[in-house]
Every structure is written in structure tokens, then in C-alpha cells.
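First up is the structure itself, then whatever we jot down about it.
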């Protein structure tokens, strides 16, 4: 039986009070234990070639994790951990950091979230607290941060493009922040790392912002030197937006499209006019159709003007990054408090038939409000396509009924059909609409 | 009207949530405003030659302080501040740091203390939390910390001796921590600073731990580069003991003697046998009588063995420091959790007639318990000599009645008489005992 | 016409006297100009995919280089440089460093070499001076340095093996030093860079030691952050040996075999018994035949004992590196003066018929001396196979006549034949021996 | 017999070739041994209270110094060194640095000077080479350097003034460079050190530039963290001028006046109009007479315009330093090559009767040339007053004969008389002119 005790990295988890340490051990070994185990396993498997989360879990059934307290000191006790995380019995330092980042974020949030919500902290305050607790905000950023979004399952050709964009970003002094998985989340970091080495930058930040539901499925890649696990998708998105000094969107699937819509919701808010970082949509020629479908939908639904809030550059990484560099936010702050994010974007939208029926999709709304509602419809339809519980609900209760202008819905319909044709969505069998317009 | 806005030092007070910032502004301008103003004035007057706190306050009646919030950002607005804190309109960086340290500690503690106490946090946990919040514990100490105690009103000759000891400490790589005023609290830092320069140490720590009742009366000296304001005397003492890798006691008055008793209480606890840093009592020839009186009392009351818990070296700074260096705690930790500090030492002892009457001073107690009770009697007698409210209480209710062994009380009596003779206590008129033995 | 002025990196070339600067400009634009131009072109083409030096030169015929002086300040003026060295008109910092490293080493050596030789400086002193001038020796090494040798034209499979060994070296804290080209000189650096990132080491050294005849043919790879150009092959070899705290030999061709022989010459010297770093021969299964042929020859010629001076590990990168780590030189010094390197190894051996005829290959010699003579025969035979001038000389004057024991020569013959069979040597047509034994 | 071996500070003297090390040991133990011993003794006595060099030498007659080589490594072997340089048998790090600085400068210069002069290096190139060899020029200065001149034997009141000016300089971010002894050379460093601590500057430079004839008489003070020993007074003066971003002249004696004249020689050179740092003359009220006498002479001899090249501020340290800060050289370089220093200022003027007779002091000369000649006359007269050899020469050969305008000479005469009256010159008996005008 292979048991290993893993102490925290220097300067982490060693500043707890007795009470904090004992509470942490209790929480970590209590109801959070399964989540913690799976996240830890993902982190320890960094660089493995397991195809998906299920494989990973299946091939490590003997892996056990315990959090052990000794006065104010905390350590992990691992049973049968994946061997590639170790060198001659010593854990690789970066993996040790990720392991304790997972503990830090999951337990910290779990212990405090109810308290914060009870006393009425805003979602932005909570997002800030979690980021602050990671020490990510401690230092004034000396270089701008490019947040990169896009699909994790893109083609090798598109992956190479994201690497080249990362290389061009790195040459121009950008640090990189992504969602911390593979594909468009890994390529920019790899490219930037090579460029940073060539430019002799030694203190680059490669920030990965994950989420408990995602991290267990996708190991953070090895380059990430700041791993953050936000408690939900909404806070993860808010973190991206408030940390970014420039945003790059690579091709992806429906998720990526929904993220673009999220950005537009914020950009269309008049108060954010001078706050938001530049938004760049870019990919190789093979991604042209994807972005053009998306843009067509945006113009149809939100008007020609919506195009002016981002820049689309196809097939020219250097030109794309030059655009970003020229429009980057000056005097970067670690966390941009000045962006106003609408409440609807900060809370999870659950696509029940009721909730969907209440949404309005009418040109009588402000464009910003229409964008918000659209993102929710969008979210519902996507869920109807892929989430088992929502699929079941549709099977029982019939299609979603949406009250709205027909042309908007048709645009959305067209967009999804094109995504399927382009191979950007995985659907089995004949696609069948999940909604009807009332 | 001279108004100046003072932004926080880089990396301090700029990581607040909106809610925290607005709460802080409210607290700082509310019932804590007078305390904050007086502490800030002390800090801004660093290096001034005002004889005492009253002079300081008197000569700066126009000084006003406001804490101003702008979203999550906080700054001070000062009206008519003492000019010596500024260069060409810019505040001196070290004073800016002290100013924000005062804000940080007073407000942080004020906002949290009730909450902590309500939920039952231990005194040690609270002490740790306050120190952690100052970032003092963030880094593994690379050099041992000598905590220096002693009188603030010692003679120039004795002051020079504390400088020489500081010089010898600095030559041997010690950082310095004191109570942050003048006299024996300043000399060691000055001496160490010269030695550190000669030894080419650039990152030395000069830690000053003050208390709201003290800081307003005594400006922290300019050398202090880590100012901490603990909420009460007991947590200040506990901080000293848990941070120290070696303790130096210079001659002082009754207060210093009480501190030595505090140390003995801890040292006499069997469980602390291998935990405590070495304790050194030292001074020039002129201090021999002071230390001999003290030692005589200790042996009388607590037994010959109590002498073995400290080392007394007179008139030889190099030999004294060599003793400390040879016995210094190895592998220093930032905060020594393993010392057991008795509850009676963590809470304030209020010398009412009732409380004093309840104390037992009998050789039937364990030596450790006797030491604790003695420290409280000691504290009561001192208060009876100097604290107006206690003096009045004795005038109304008669002398304290102490139940105890007569010989112990006589020893204490002798000690105080000797201190008066040596000029170590300021009493006006004929000294008259404040107690009688029952 | 695209002209660019390139200032030196911060802290380089800006500390010249007026006289030095003007002499440097004169030298750089005088007889050294063609060499400097070609080396600079190689450095500027870093990362290009030109197949060989000729292609590189052919495709950059318009490239011109001038060194310009302005008082004590020096800069480059480039005409039509390869565009990939620049970002938005700014040169990539690492390439700027390489450019000035070339200038520094070539000009410095050229200006001083005659002077040093005239006054009788030893070869080791000269090697040291050149390395010292690069500032490579300035800091006490905090991590051990693995010197990696091997072929630049190995298969992709063997290249991946060198990367994996580099990764294992990097995980165990080794810095990397190679000959600065592709293949086995690039793989270990790439692997180590990934491992260093995972282990959070930020200040790793990737040292490339090149030579004017080599650098123009092979661009230093991008990872090299210390480029040194030694004036000849012998000083380059001596640098490797004196800098190394461990030596790794990957499969290569005849050149690699000659380097192993060079190491053995030094290892067989009794005085070096405790001085030399551990020597590891390693490769994947595909390299087993190569190393076994080499070992067979070594045992035949120099005796069974010669095997004990190195370790051969096939197909297990982790085990191989563990061996190196366990035997690494402790307390590493920046330059190991204590190794005794024989004079014959420090000067070039020119394979004239006369020089070869004078060599003795007899078991009556000490093994160390036999090894030295063998290396020279080896060098002559290789030259006879590949160097045009030597081939012509053999065509005119007949085969080399070697005075020696027949069995030694037969072993060598067998070795070369096996290398040809294994595809480790490029020969056209039927191989024909270049020597006969007298 | 107390013998101690002193290794070099980390990173110094450990990068020598075998040949360099053996040459250094030979030189250090050869004809330079007595000079090296006396300089080392001065450095080891740092902080001692010996009144003068003679006392120092007298009280350390048993002190012996040997330089020992071990391959390329060098160390000192000291017999009976002054004890205050050591802590528990370990040398104080700053003194170790000074000790090796002395070795470095004296031996380096001694070994190279003849070589440089033979090949015709300029005085500026040589000055630069010596400074470069100290690594003082290695880093781009991040803060301006104030060079402070003035007497070493000033009153305590004037010494306190230099401390206050140093404090004001330090508050405004200046580093300090002086001649490395006591009085006006120590005060500014002490004041600046306190201000730097208050401003939290950790990497301040306190540069002391000495000379072999001076250092043995005056221990470098403890604050100096860059000690340089220039080979002669002229190169020392040139170093000051080319390193300075601002120059402060405190009251002194004739030597200080001569230094002001040296500055004026450079300032009056049209080509230096925009090159020179601001020159500030300052002192307390007690120094007003000194500066007014000096200014009177300057105006008489060189015209009203000469006053415009410096600023005289009496009794207001803050205002004085504000002037310097407002006029400081921007974008400071480590060594200002652009100042043109006349040849006559770079070579020693020996005051033989012949040399003095050849000097012209006529208003027909350019003002710059007149200033140069005046400085030499000045130097001759001073020597005639104080240097034994020159006094004897005057006794044998009569007064110096000076060909010049009578009014200029009378002004000089007046100046010297006033200095005597002010107690700025030490003369015994009745002052008698050493010259006559022809």
C-alpha cells in the first residue's frame, strides 16, 4: 500500500489558527471529501492521457485522500496516487501547489459562502474575496493579462493557431488566463511560454480559472502557475471579465457562443462603455464559418451596432494580437471594480419550463435586456440539447414555450443548425428543436 | 488651511471589497475616530521632541483626520498635520506605513473582536489572527528575532548599554522586536541597525508592538519597519513571547519586573520546558542593584530553581549576546504555537478589593500557580501606587487584604522599597504600603 | 531598404572605454566582418526552418551587418535582417542577447588571443578568461549543471528520448548545457524547460557553447539563455568538462564517439580520479547497438576497466537520471580547475601523413597515453572519411601508415564498419579503409 | 599569536586565472606589501577612535598581513588584527568587503598602470577602467548620486549641518558619495542612512572614493558600502565629477577651496555648459564667512559670471537640497563621458620653482585657462605652507616668483589671510607669504 504525506508549499496553509485548522480538517473529511478527492485526482493526473474524467476515475479506484491536521499545520495523506505526479517519491512542486489550491478554494468557499450570503454580500464582493484569498490580487500587475476563451475540443489545426496567437501575445508581454483545460485553454499558454522565454521574462503568470464541475473532468495543464477554483460558472465568468486587460475568443462550440453573448450583455450596457477590455474574435480560415454564423446571429438579434463591440480577425495571429495590444487597458488594475455586471448575469439561470416561459424576447426591450434574455434562452436550448435532466423534462412536459418575436428565434434556430453542420456541436441522430414560439 | 490626502502604501488597503471599504470608512469616522486621530498624531510626530503625549496633543490642536472612501479605495485626509512627516509635500514612506498600520489594526480588531469572542475563539487564536493580518507572519523568518524589554525612562548611560547590546545582536544576525517607544525600546534597534549595515544585511526586521493606550503617548521610533498595534497588554505580551527566538530584559521599573514575573509564570509550567526562548537579563553596572533585588525576591518567593530559567549577565554586552546566540531557538517558526500560556495570563486582572482578597499566596500552591497569583498581587500593588482609580478605591475601602504567607509578602515589600531607593519608581512623598496580610 | 539599429541588452557592452569601443568597431568592420555577419545571421534566424547553413546564407543575401560606435556606446546596424527575429519592429530580447554574445566572444577573443598566447597563458587560463568574460561564472551555481552531448541528426524517436531525459533532469533540478544546435543538443533543453516550469524554478540556465565553425551552420535554439562562442573545438570541449557536474552522452555518430574517447583520456588519468563528474551513456533501445559497438571497442582497446568510468543505461530515462543525480558532484563550483587535461587534448591535431605516422598504438604505452593516441588516430580516420582536404591528401599520398598493434586497429575498423551499418555515418559508395598498419 | 584567515566575500576575487592569482600573490607580498598592510590596517580599524594614522600604526605594531594563494583562490592571513573588526572570530562582512576592495584596487592598478600608460590610454579611460573593475558601474543607477565635499576637521556644529543635509538628500532619494573619511565626508552618509530607512529604501549606495595616501590616515567609515581606492588625487577628483548627478560643497579649508577651483575650471569650459551636475555650496551661519571669502576671490579673479556656475545657500538644509533636486541631472548615467576635463587637471602639478615661474596669471588669458593656472598657483602656495619638501625648497631658493597681474595675486593673498583668521588653516607662528609677484 503506497501512502504519501504531502506538506503544503512554502507559505501556504501554514498560517491557520488552531480553530481554522481543525475546522478545515473536519470539512475536508466530511461531506466535501468526495468532491475534494475527485478534484485532487484531476490535479495529480496533470499530463496524463486519460481521455475523459470517467477513464481517470475508473483507472484510479484505489486512490484515497485524507486531510490530516497537526495543531495548526495541515497536510494531505494520499493512498495510491497517480505515479506521474512524483519524482523519486517527491511530489512535483507545481502539482503540490495545484493540490493545495484546490483545498484552499473548495474548503474556503464552502466554509464561508453561507455566511457571506446571509449577511448580504454582493456576488462581486464574493468573487473578489475568493480571488483575494488566492493571493492572485496581491501584486500590482506589471504586465497586461489576456483572457483566452474557446473550445476544448478544437481540431489540431485550430489548436496550433491558438498556440501561435499565444506566442504573439507572449512576444508582446501579455500574461495568459484561461479556463484551465485543453484545446483553446492550453494552446495560448504553451505559445506564450515559448515567447516569454525568448523575451527573457521570468515571472510570467499563467492563470487557470476552473470550477468544481469542470476540473474533475479536465486536469489543469502543467503550465498553469496560478490555479483558482471558483464555486460556479457565473463567478468564473465574472473573474475573467474583471481580471482581463484584453479578451481573445477562439472558435469553440455553443458554450463559446454563449460566452460571447455574455460579453455583449456587458458591452451593451452604456455604463461600461469605457471600462471593458478590447474583445478579439480570432481563428484560422477553418473557423471563418463559425464566427460568421455567430456574427450573423448577433447582427440579426442585437443590431448592426453590436458588431462594433468586438473585432473579428481571421487567419492572421500577428495582426490579431497587434489589435489587442493597441487597445489594451492602460494602467491595469488587478480587479476592475468599475464594470457593471447585471444581476441576471451573476446568478444561475435554471431552465425550467416555467422560467423559460417567463422570458420575453421582444424588440421592445432595450438591446441590453434583450441580450440578457437571449443568453438565458440560449442557455435553456443548449441545456435541452445536452443536459440529461433537462432533456427528460422536455420529454415529459413538451417543448419549451417561448414568448417572443419570431425573427429572433429563427435566427437562433439557424445558428444552431449551422453549428451542427460545421461539426461544432455533438448531437446524435437527427436534430430536433426543443422549443416553439408562442 | 493645510489639507493633505494620503494614499495607502503600495499593496496595502487596496484589496478591500466594496462592503469592507464602506464599513471601514464608517468605523473610522465613528466612535473610533478620537482614538484613531490620537494614534495617527503620534505616528506623524515620529522623531519630534515633544516630552509627552499631553504636549503632543496640546501643540497639534488643529490636527484633524478623516478616512475617505472611493469605491474599494481608502485614503486619509489630514488637516494641519505635523510638518516633519513630510518632504516637499510628500509624506515620508515609513510614516505612511505606520499611519496605515494604525488604521489596519485598530479598525480590523474593532470590527472583528466581538464576532471572534462570541463564537469562542481562544485568546491565542485572536492574537494570531491580528498578527497574521499584518503580514508579519507571511514569510518564514530567515533570521532569529530578539525581543527586548526594559524601561523607557532609563538613564543615558543605560540607554547606551542597550544600544551596545543591540549592536552585538545585530552583528550576530538577530532582528529586533520591542515595545516601540523610547529608552530600552529604541536603543537596541539603533545599535542593531548600525551592525546590520556593517554586516551588509539589507532586509532586517525592526518590529514594534504597541498598544492603543501606549502609542498615543509614545511615537514609534523611525527605525520600526513593522508596526503592530495589539488591542490590549495581554495580547501584546503573548505576541512577544510567541514571536521571540530570544528574550532580552534590560533594567526598567516595576513594569519590567512584572514582565519578568509573567515570563516566569510560563517558564515554571513543566509543559513549556523545551519551548521557551532563552531569557537574558542584562544591564551595565548601574543596573546590578536592580537585577539583584529582583532576583532576591524571585528566589525568596519561587525558590532557588527559578533562577535557572534565565541568565543574568552584568556589564558585558558581547558575553550577554553570545549567551543568547548559543541558546537561541533553532529552526525558528514565525509563531510558536507550542508554548502553553495559562488563562490567567491572557485576561486582564482588575485589582478590585474583592479580586485581591480572593488571591491565595501560599507555598501549598504549585510554584507555577503561586507565580501567577503573585503577578496579580504585584499588579494590584503597582496599581495601588500609580493608578488614580485604584488609589481612590483604597482611600475609600482601606488597604487591600491579602491572604497569604507572610514571608512572601515581606519579600515583595522589600523589593518595592529597594526600587524606590534605586530611583526605579516615581513616588511622591513617603511610601506607604497599600496592603496588609491576613 | 529595411535598416534597423539594435542597441545592446541592458548591462552589456555599455561599459567600454573610448579606446575599447573604437577598437571594437574597427575589428568588427575589418577582417572579422564576414565571420561576424554569418554568425549574426545564424542567431537572427533562430527558429527558422532552413535546412542548412547554405540555404540560410542563400536566402539572406541582402542581409548586411555593421557595428556602429558612438563614443563608448556600440550598436548594430542591420540591413534586411530575417523578419522572424522582430516583433512590431522591436528585436526579440533573447535574440538581442545572442547577437551581442556573438560580438562579445568573437571580437574579445580575436583582440586578445595573440596577446595571451605571446605571454604564455595556458590553454585553461584562456578558456577560463573567455568564460569569465561572458559573466557565466559570476554566480555560484545554485543547481548542478548537466552537460549533454550527442548527434544533431538523430531520429525523431531518439530526439523524443533526449527530451524525456531532459525532463527527468529538469525534475531533479539540473540546469542544462549543450553544444547549442538541434537534435540531442535541443531535446534535453526542451524537456528540462517543461520540468522546470512544473517544479516552479524560474532562474534556470540553458547554456549553449558553440564555435564559429558550427554556429553559422546551426542556429542556437530559442531556449538557450547563455550563449558562448568558444574559439575552437578543444576549448569548447574543455569548457564542457570543467563546467559539468554530470555528463550525459546520447547516441550520435563518429563525432560523439570521439567525444567519449576524449572523456576517457581524462578519466584514465589517475590524478582526475575524484574530480570528474559522473558520465552517463544513454538512449532508447534503438541506440543499444550504437553504444554496444562503442563499448566493445573501448574494452578491446583500453581494457575492461575502462567500462567502470561511465555508466550505460538503455531505455530508462528516469533510472538514467537517477544515476546521474546520485553521483553528481557535490558543492558544485562554477569552473573545476582541479581536473588535469593533457596538453595533447588542448591543441588541435592536424592529420598530416607525417603526424599520423609518428603516432604509436602499442599496449606498451600507459592506457591513458594509448587513449590519447587513439583519439588522434580516430580523428585522422574520421577526417580521412569526411574532410575534403584530407581525402585529397590520401588520394595523392596513399593511405595513412599507422605503427601499432594490429588488434587495436582491427577493433577500430570493426567499430567504423558497424557505425556505417547502423546508419550512424554518412558515406557514399563502398567504404574503403583510409589506413594500413605497419 | 592570533592568526586569522580571511576568505573573500562571495563573488569577489574568486574568478581569477591561475596566472592572475599567482601574480597577485607575488605583487601583494612584494614591494606593495607595506602600502597594503597600512591600508588594510586602516580598514580593519574602522570605528576605532585612534586620533590619527600615526597612533593607529603605533598601537598595532604586531599587525601583519599576508596574501595567500591556493590555486586560483586568494585569501588574507592576518596576524594580530584589531579585535573590533571581528565577531566571535568572524570578520564583520563590511570590513571583509573593504579589505578586498583595497587589495583589488591597489594590486589591479599597480599591475596594469604601466601597461595602460605605455600604450597611451587616456587618463579618463584609466579612471573608467578602475571604476569598472570595482563593479560600481555595473548597474544603471536607479537614483541620483550626490557627491559631497568638505573638510574632515570641521566643528561639531558644522558636522551636524552636514548630517542634516544628508538627511534631506536621503529623504529625496539621493545616494551619497564622499571622500570616505570623517567630518563632511561622514555626516552626509549618516544623515542619508536615517532618511533612507524612513523612506524604506533598502538598496542605497554609500560610495567612498579614497586614495592610498589618505586611506591609511583615515579609516573609511562604517556606512560606506562601496569602497574605491583611486591611485592618485586627480583620478579621484575626475571620478567624483563623472559619477555625480549633483555636487555639494561643505565648508572646509584650503583643500576644499582648491576643489571648488577645480570645478570652476571645468564649468568655465564652454563645451561643458550642459554636462555638469548642479554645484551647491552650503553650510550653517558659522560657514558664511568662509564661503563669502571664497566667493569674493572667485569674482575678483574670474569675474562676476563665475558666480552663476554654482549656488550658495547658507543655513537652510531643506532649501539647499531642494535646489539640488530641482537641478539634478536627468536620466543619470553611471559615468558621464561627455564632460571635457582639461589635461592640466588630469596630471599632478609639482610646485618646483621652475614650474611656478612658468605659470602666467594674466587677464589676457581665457578665463578657463586663468582658472587652471590659478589652481596650480594655489596648489603651489598651499604646498609652500604645509609640505615639508616644498617649505625646504623655499628656504633654499627663496620665495616663488610669479609672473602675473598684481590684483589677482592680492586677492589670493587676502583669501589665505582670511582663512587663517577664520581658523580654517592650521599655521604655526606668523604667516609669511611664500611668493612674490614679478
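Protein chains in written order, with my numbering: chain Z, 61 to 498; chain F, 61 to 498; chain L, 61 to 498; chain X, 61 to 498. Using N, Cα and C, we set each Cβ at its ideal position, and we do this for glycine too.
Query, Result
"Partners in chain F for residue 344/Z, counting only beta-carbon separations shorter than 7 Å", "The contacting residues do not exist; residue 344/Z stays about 40 Å from chain F at best."
"Close beta carbons around residue 110/X, own chain, < 6 Å, minus the five adjacent residues each side", "In this prediction, residue 110/X scores a pLDDT of 46, lower than 50, which makes its location untrustworthy; no coordinate-derived value is stated."
"Span separating the alpha-carbon of residue 363/F from that of residue 473/F", "17 Å"
"Validate contact between the stretch 229-249 of chain L and the stretch 349-365 of chain L using beta carbons, cut 8 Å, 3 pairs", "no"
"Nearest candidate by alpha-carbon position, reference residue 252/F, set 303/F, 171/F, 467/F, 230/F", "230/F"
"Short CB-CB distance (under 8 Å) between residue 78/L and chain X", "yes"
"Residue 91/X classed as buried or exposed, judged by whether at least 16 other C-beta atoms fall within 10 angstroms", "exposed"
"8 Å Cβ cutoff met for residue 299/L and residue 274/L", "no"
"Option in 136/F, 131/F, 129/F with minimal Cα separation from residue 64/F", "136/F"
"Extent of the continuous beta strand (DSSP E) run through residue 461/F", "460-464"
"Beta-carbon gap between residue 264/Z and residue 103/Z smaller than 8 Å", "no"
"Alpha-carbon to alpha-carbon, residue 218/L and residue 432/Z", "55 Å"
"Listed by chain order, chain L residues near residue 209/X by CB distance under 8 Å", "What residue 209/X touches in chain L: nothing, since even the nearest Cβ is about 26 Å away."
"Proximal residues of chain X, C-beta to C-beta of residue 181/L below 7 Å", "79"
"Neighbouring residues, chain F, relative to residue 24/Z (Cβ below 8 Å)", "There is simply no residue 24/Z to check, as chain Z begins at 61 and stops at 498 in what is shown."
"Three-pair Cβ contact test at 8 Å for the stretch 399-415 of chain L versus the stretch 444-464 of chain L", "yes"
"Under 8 Å (Cβ pairs) to chain L, residues found in the stretch 162-194 of chain X", "181, 182, 184, 185, 188, 189, 192"
"Buried versus exposed, by CB contacts within 10 Å (16 or more), residue 211/F", "buried"
"Residue 237/X - containing beta strand (DSSP E), residue span", "235-238"
"Three-state secondary structure assigned by DSSP to residue 146/F", "strand"
"Span of the beta strand (DSSP E), counted from its first residue to its last, around residue 99/L", "Run containing residue 99/L: none in the beta strand (DSSP E); it sits in the alpha helix (DSSP H), 93-104."
"Boundaries (first-last residue) of the alpha helix (DSSP H) holding residue 299/L", "293-303"
"Exposed unless 16 or more other CB atoms sit within 10 angstroms - verdict on residue 174/X", "exposed"
"Per DSSP, cross-strand counterpart(s) of residue 126/F", "137/F"
"Residue of 496/Z, 73/Z, 482/Z, 381/Z minimising C-alpha distance to residue 416/Z", "496/Z"
"Start and end residues, alpha helix (DSSP H) containing residue 176/X", "153-178"
"Proximal residues to residue 406/L (C-beta, below 7 Å), its chain only, five neighbours per side dropped", "183, 294, 298"
"Own chain, CB closer than 7 Å to residue 125/Z, minus 5 neighbours either side, in chain order", "96, 97, 100, 136, 138"
"Nearest-angstrom Cβ-Cβ length linking residue 190/Z and residue 169/Z, presumed shorter than 8 Å", "6 Å"
"Three-state secondary structure (DSSP) of residue 110/X", "Only weak support exists for where residue 110/X lies, its pLDDT of 46 falling under 50; the value from the coordinates is given anyway. Of the three classes helix, strand and coil, the one that applies to residue 110/X here is coil, per DSSP."
"Short CB-CB distance (under 8 Å) between residue 129/F and chain Z", "no"
"Rounded straight-line distance, which links the Cα of residue 421/Z to that of residue 457/Z", "22 Å"
"Within chain Z, the residues that residue 200/F reaches when beta carbons sit closer than 9 Å", "70, 71, 74"
"Inter-residue spacing [alpha-carbon to alpha-carbon] between residue 395/L and residue 390/X", "41 Å"
"Residue 289/L - partner residues in DSSP beta bridges", "270/L"
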